[in-house]
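Q: Numbering-wise, the numbering used here puts 1530 at position 238 of the sequence shown, and it's gapless, one number per residue.
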Amino acid sequence: MKIQSVLLLLILCAMPLLAGDVLLLGPTNLRMSETGEFSAVDNTPKPEPFDIMWAYRLYPADKKLTGRGVTVAVADSGISSHVEFNGKNIQGQDFTLSTSIADLKNHGTGVAGIIGAQGHRFTGIAPEAQLIVYKIDDGSRLIGPQAATAAINTLLDYNAKNPDNKIAVLNLSYGVSGGGNVPLTLAINRAYDSGVLVVCPSGNFGLPGVHYPANLPTTVAVGALAADAKHAYANSSYGQGLDFIAPGDRVYTTDAEGVYTLMSGTSAAAGFVSAAAALAVQGLKQKLGRYPTTEEIKQSLIAASVSIPGMPREQQGYGFIDVKRLEEQFK
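1) May I ask you to list the residues that DSSP assigns as paired with Ser1486?
2) Would you kindly work out how many angstroms separate the C-alpha atoms of Leu1571 and Ala1409, rounded to a whole number?
3) Tell me whether the stretch 1365-1374 and the stretch 1346-1355 touch, counting them as touching only if at least three CB pairs, one residue from each stretch, are closer than 8 Å.
4) When you compare only the Cα positions, how much space is there between Thr1510 and Asp1334?
5) Thinking Thr1558 and Val1514 are a contact (beta carbons under 8 Å), I'd like their distance in whole angstroms, please.
6) So is Met1603 buried or exposed if we call it buried at 16+ other beta carbons inside 10 Å?
7) Could you check the C-alpha separation between Asn1457 and Ser1592 for me, to the nearest Å?
8) Once DSSP output is grouped into helix, strand and coil, what is the label at Asn1463?
9) Would DSSP call Asp1449 helix, strand or coil?
10) Do Phe1414 and Tyr1525 come within 8 Å of each other at the CB atom, strictly closer than that value?
11) Starting from Val1543, follow the beta strand (DSSP E) in both directions and report where the run begins and ends.
12) From the DSSP output, read off the bridge partner residues of Leu1423.
13) Bridge partners for Phe1612 per DSSP, in chain order?
14) Taking buried to mean at least 16 other C-beta atoms within 10 Å of its own C-beta, is Phe1342 buried or exposed?
15) Span of the beta strand (DSSP E) holding Ala1513?
16) Could you pull the DSSP bridge partners for Gly1384 from this structure?
17) Quick check on Val1468: does DSSP put it in helix, strand or coil?
18) Classify Ser1465: buried if its beta carbon has 16 or more other beta carbons within 10 angstroms, exposed otherwise.
19) Using DSSP with H/G/I as helix, E/B as strand and the rest coil, what is Val1491?
20) Need the endpoints of the alpha helix (DSSP H) that Leu1571 sits in, please.
21) Quick check on DSSP: helix, strand or coil for Gln1532?
22) For my contact list, Lys1590 and Leu1489 are in at a C-beta cut-off of 8 Å; report their separation, rounded to the angstrom.
23) Do you know whose CA, among Gly1487, Gln1532 and Thr1477, lies nearest Pro1505's CA?
24) In the DSSP assignment, the beta strand (DSSP E) including Thr1401 goes from what residue to what residue?
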């Protein structure tokens, strides 16, 4: 019986295929052409259409607040020259051993673009804000709290010498899971007491637990919003200490090579909140006739926030900062 089955199989395999016949061999993702040749079927799902400018469409282009008269410090991996920064006269200081503020990690340039890009291809959220860059990351991914502490102390010294043109917002792209550092915490607390709002990413582990120093009560912790604007970005760390959520999924921004890139993570999200804070400082200065306190800045941002339906509070904090609602406070 087995011999007959084998002979039958040999006979069938030796028979020529007629037009319209299909012979299935092995995996089902093989296709045979009319000439008898086999080719693989590409079953890779086609990517869904993606709006690379999705994040900026959440912020009205016709907004009245632009960050004019406000200085934002970006403590990150430095910055590289880019057409989007032309005319901004960006200055800074290196707190690593790299001896320059050039961005070797392609990170700080992206955050700076989100805050203050001039509109060559896209416009940052606070395009008229002045930027100061503190390089605390040399690109080796070994960022120490000492560099961040030194940067904040330098910022505070600068503000003491320039009370009428001080740095009001610090975007601090530094975070660790667990632990802390006493000198850095003390420096952040001094910044808070002096009127400097320190904005930090919540972390990119995608797990409960906001990273240090974002988990301090004297900082603003920011989580990342996914590109559908309905869910949290998958890698965004979250928890009770989260304050706001902002775009952090494939955000179009400036690249250290002088071109453009898509940046993901809570550092990108922190850039949006730092820029929104600059807008709040601008509005509050006009309204109060003085620099606002950190608590006044934060309360202004909270009042402008909108909760995202269906998203747990621990993933979005007070929600997304609506710039139109922010501007309504200063009419």
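Cβ atoms here follow ideal geometry from the backbone N, Cα and C, with glycine treated the same way. All values reported here derive from a predicted model rather than from experimental measurement.
A: Concretely, from the data shown:
1) None, per the DSSP bridge assignment.
2) 15 Å
3) no
4) 53 Å
5) 6 Å
6) buried
7) 21 Å
8) strand
9) helix
10) no
11) Val1543 to Thr1546
12) Val1364
13) Ile1537 and Val1598
14) exposed
15) Val1512 to Leu1517
16) Val1425
17) strand
18) buried
19) strand
20) Thr1558 to Leu1580
21) coil
22) 7 Å
23) Thr1477
24) Where Thr1401 is concerned, there is no enclosing beta strand (DSSP E), although the alpha helix (DSSP H) it sits in stretches over Gly1400 to Gly1408.
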